[in-house]
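Novice: Got a structure here, written out as structure tokens. Questions coming.
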Amino acid sequence: MSISEFNSFIRDVEGSSGENSKNTENVKNISNVESVTDISNVPVPSGVCDFYIPTKDDTTLCQKRQSQIMDEDDRGGCKKKFRVNDSRSSSAVSESIFDRPPPRSIGFLDLQRLEHATKSMQKSVALILNQAPSINELTYMINSPDIDSGTKSELQQSNLISLASKLKSKYMVGDAPILDSIFSGELVLSRENLEALTKVEGELDSKKVEVIFPRNTVDDVPPTGIKDNLPPLPIINDATLYEKVFVHKSTVNNKTYLGSENLIHCHNERLEFLGDSILNNLVTLIIFKRFPNNTEGDLSKIRAAMINNRVLKDLAVSYGFDRKLRTRIPEGSLTLGDQKIYADVFEAYIGALGLERGFDLDEIKSWLESLYDNLIIELQSEFIKDPLDRDAKTELYSKVGTADLHPDYKVVTVGDGSNVEYVVECSINGEFLGSGSAPSAKEASLRAAMNALKNTPVVEKYFLERKKTTKPIQLQRKERNEQKKLEKLKKLEEAAANLANEPSTPFTPPSPIHTEMFPVEVDYECKLDCDAKNKLYAKIGKETGTQPEYIIAATENNQHTAQLRIRNLNVAVATDTSRKKAMSRVANAIWNNKEALRELCKRFDPPKISRIEE
């Protein structure tokens, strides 16, 4: 029977567990199997298991294979195989054969072999406990008339099958609890075990084992970094956790025998994942406090500038992490690209810190605040803007601008209102003064003017040039202003003269309007309606197609007199401290006098009349 056939047979046996319940009492006596002198005399319980019956071809194949094995043993002088009931087979298992001194040296390759052997032992124990037959089941198979002689011979002569069945039998009766410990990997040594081990090692006169490993030639890097200029690095007290930080995945990829569940805990990738999240959150809290007035878009850019791979790589190298990293990547490949592998180590270190401290992150946050302080100051100069000065353009023009030469603002980058900002440059006479950026072009131009005002050398240069050229211009402007004042005064004098020449009783031309009610009396106690002038203008224009006419004259004590003329009628006169108030008072007087307003809005074709002068 081949191994695969035997495994199939055992699985069939395990599938018939319902029929095996009758054999509980027989299983209890398995501990006495080692003293059995002839396995053929052991009583075979009925219904122990169903088994596979080899075909004729299988029988022939088994006999040939058995003949080949015996021939090979004879030619090679191999040790004689014993039957299941051979007393020497049982004694070989019960007595310790590892009584020679332990090895005097151990190297890296030896450790890998031990690791592989231990994992293989765990798998083998699991296979034996799951698939090996008990001693009763093996006896039944050997005595079964349904199995050919070749298979029986192979089962009888296999010491390993016998050993597997005995291990399974002892485990079934609770006499081999160590197998559970081997399978689970949780083998505990008691104090008595340790004391006995010390005694045995003393009897063997064991010496210290020589360790044959590559020596760590990296000098200890101080906690403040290679240049001794960084905040002290928080310490990871757990030595195992600390070492895992510096184990790259490439160093354990060849340990395929460990399985993916064990491999994932042998390198720093999980710590890197955790550290990336912790670093992202802590940096977010730091910049949220240090940049209180920046937008969400600005904060995202600031965070990206602080935790990108280039910055993290530089920090890792500054703390000497690159010297401690264990990897099987060629040195030439490590120096290419952005060297993200070192940035990953920095994140793994932060992840280990958070894990060891139970995610109490206050110490880590304080360390990062100190570590990033210089970079934050640089970013503040870039992202923290001065309050917007809406008079910056006016101020700049007053210093350097003239009618012929003034600051020019040009949009060099068109923004989209969200991610891309407008950029505006300010120049004068083709010479750069300053630039500004903002979500809108208007704000960007104001910031360009603010930036230009800080450009003291250029501003002073054009200020002096402006001073040289503006003096004659100012004189010309002064002369023009004086001329305007003279012309205005002349007009006021003419208006006053005309008003003085008006008859004491205003001339009222003949018309269908009851002119005897005009001019109306102005009530100076009435509250002014500043909109009365506009309303009267609209009303008269709509009803008559004419426009009210205001005649203004200045009087003594800075008083102004306004005379309102509608449809060639002098309808009201008022005096006040300003022209505007005087016009508002006469308009207000007519608008509030509904009867007078109705008369003025009568529809007729006014006759053409000429003024009758006294």
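Under the UniProt record's numbering, the first residue of the sequence shown carries the number 1, and numbering increases by one thereafter. Ideal Cβ placement from N, Cα and C applies to all residues, glycine included.
1) By DSSP, does N451 sit in helix, in strand, or in coil?
2) Going by CA-CA distance only, name the one from E395, K410, L396 and A438 that's closest to D416.
3) What's the C-alpha gap between V245 and A348?
4) Whole-angstrom Cβ separation of residue 615 and K393, contact assumed at under 8 Å?
5) Which whole-angstrom value is the C-beta distance of E272 and D344, which I expect to be below 8 Å?
6) Exposed or buried, what is N308 when buried is set at 16 or more other beta-carbons lying within 10 Å of its beta-carbon?
7) Below 8 Å between beta carbons: does that hold for M450 and D408?
8) Short check: CB of M583 to CB of Y537, under 8 Å?
9) Between which two residues does the alpha helix (DSSP H) holding T546 run?
10) In terms of residue numbering, what span does the alpha helix (DSSP H) encompassing N268 cover?
11) Please identify the residue among Q547, E525, K340 and C426 whose C-alpha is closest to the C-alpha of K533.
12) Less than 8 Å between the CB atoms is what I'm expecting for L569 and T515, so what's the real figure, rounded?
13) Leaving out five residues on either side along the sequence, give the residues of the same chain with a beta carbon under 6 Å from the beta carbon of L371.
14) Between the alpha carbons of I384 and N254, how many angstroms are there, rounded?
15) Can you check DSSP and say which residues form a bridge with T413?
16) Looking at C-alpha atoms only, which residue of E425, V125 and T240 is the closest neighbour of V411?
17) Locate the beta strand (DSSP E) running through S437, then write down its first and last residues.
18) Report the three-state DSSP secondary structure of R598 (helix, strand or coil).
19) Could you tell me which whole beta strand (DSSP E) segments of length 3 or greater appear in the region 142–227?
20) Restricting to Cα atoms, I'd like to know which of N419, R326, P457 and A441 is closest to F432.
21) Tell me where the beta strand (DSSP E) around N570 begins and ends.
22) Taking the alpha carbon of L241 as the reference point, which residue from S165, E356 and N130 has its own alpha carbon closest?
23) Per DSSP, what are the beta-bridge partners of I551 in this structure?
24) Just to confirm before moving on: does the CB-CB distance between R466 and T402 stay below 8 Å?
25) Taking the alpha helix (DSSP H) that R328 belongs to, which residues open and close that run?
26) Could you tell me if P519 is buried or exposed, where buried requires 16 or more neighbouring beta carbons within 10 angstroms of its beta carbon?
27) When the Cα atoms are used, what is the spatial distance from G15 to H116?
28) Report all residues from its chain with a CB closer than 8 Å to the CB of L282; omit the five preceding and five following residues, and keep chain order.
29) Note down the Cα distance separating S427 from G434, rounded to an integer number of angstroms.
30) May I ask you to verify whether the region 160–175 touches the region 131–145, counting CB pairs closer than 8 Å and requiring at least 3?
31) Report all residues from its chain with a CB closer than 7 Å to the CB of A176; omit the five preceding and five following residues, and keep chain order.
Specialist: Taking the definition as stated:
1) Position 451 of the sequence shown, counted from the start, is the residue given in the question as residue 451. Note: N451 maps to helix in three-state DSSP.
2) Here residue 416 refers to the residue found at position 416 of the sequence shown. Among E395, K410, L396 and A438, the Cα nearest to that of D416 is on A438.
3) Counted from its first residue, the sequence shown places residue 245 at position 245. Counted from its first residue, the sequence shown places residue 348 at position 348. V245 and A348: Cα-Cα distance of roughly 6 Å.
4) Nothing about residue 615 can be reported from this structure: the residues present for the chain run from 1 to 614 only.
5) Along the sequence shown, one-based indexing puts residue 272 at 272. Along the sequence shown, one-based indexing puts residue 344 at 344. Going by Cβ atoms, the distance from E272 to D344 rounds to 5 Å, so yes, they are a contact pair.
6) By 1-based counting over the sequence shown, the position of residue 308 is 308. Burial call: exposed.
7) To locate residue 450, count along the sequence shown from 1; it is residue 450. To locate residue 408, count along the sequence shown from 1; it is residue 408. Going by C-beta atoms, M450 is not nearer than 8 Å to D408.
8) Start at 1 with the first residue of the sequence shown, and residue 583 comes out as number 583. Start at 1 with the first residue of the sequence shown, and residue 537 comes out as number 537. For M583 and Y537, no; Cβs fall outside 8 Å.
9) For the purposes of this step, residue 546 is taken as the residue at position 546 of the sequence shown. No alpha helix (DSSP H) contains T546, which DSSP labels as neither H nor E.
10) Locating residue 268 in the sequence shown gives position 268, counting from the first residue. Here N268 belongs to no alpha helix (DSSP H), and DSSP marks it neither H nor E.
11) Position 533 of the sequence shown, counted from the start, is the residue given in the question as residue 533. Ranking the options by Cα distance to K533, first place goes to Q547.
12) The count along the sequence shown starts at 1 and reaches residue 569 at position 569. The count along the sequence shown starts at 1 and reaches residue 515 at position 515. So it is a contact: roughly 6 Å between Cβ atoms.
13) Walking along the sequence shown from the start, residue 371 turns up at place 371. Closer than 6 Å at the Cβ level, and outside the excluded window around L371, lie P231.
14) Counting from one through the sequence shown, the residue named residue 384 turns up at place 384. Counting from one through the sequence shown, the residue named residue 254 turns up at place 254. So the two alpha carbons sit approximately 51 Å from each other.
15) Numbered from 1 along the sequence shown, position 413 holds the residue referred to as residue 413. DSSP output for T413 lists V423 as bridge partner(s).
16) The residue labelled residue 411 in the question sits at position 411 within the sequence shown. Closest option to V411, Cα to Cα, is E425.
17) Taking the sequence shown and counting its residues from 1, the one referred to as residue 437 is at position 437. Its beta strand (DSSP E) spans residues E431 to A438.
18) Indexing the sequence shown from 1 puts residue 598 at position 598. Helix.
19) 210–212
20) Taking the sequence shown and counting its residues from 1, the one referred to as residue 432 is at position 432. Comparing Cα positions, the closest option is P457.
21) Position 570 of the sequence shown holds residue 570. From DSSP, the beta strand (DSSP E) with N570 extends over L569 to D576.
22) Position 241 of the sequence shown, counted from the start, is the residue given in the question as residue 241. It is E356 whose Cα lies nearest to the Cα of L241.
23) The count along the sequence shown starts at 1 and reaches residue 551 at position 551. Partner(s): Q563.
24) The count along the sequence shown starts at 1 and reaches residue 466 at position 466. The count along the sequence shown starts at 1 and reaches residue 402 at position 402. Their beta carbons are under 8 Å apart, which means R466 touches T402 by this criterion.
25) Looking up residue 328 in the sequence shown gives position 328. Counting along the chain, R328 falls outside any alpha helix (DSSP H), and DSSP gives it neither H nor E.
26) Taking the first residue of the sequence shown as position 1, residue 519 is located at position 519. P519 should be labelled buried.
27) As a first step, residue 15 is located in the sequence shown; it is residue number 15 there, counting from the start. As a first step, residue 116 is located in the sequence shown; it is residue number 116 there, counting from the start. Interpretation of G15 is limited by its pLDDT of 42, a score under 50 that renders its predicted location unreliable; no figure is taken from the coordinates.
28) Translated into positions along the sequence shown, residue 282 becomes position 282. Excluding sequence neighbours, L282 sits near L361, I364, K365 and L368.
29) The residue you call residue 427 lines up with position 427 of the sequence shown. The residue you call residue 434 lines up with position 434 of the sequence shown. S427 and G434: Cα-Cα distance of roughly 7 Å.
30) yes
31) By one-based count along the sequence shown, residue 176 stands at place 176. Around A176: L167 and K170.
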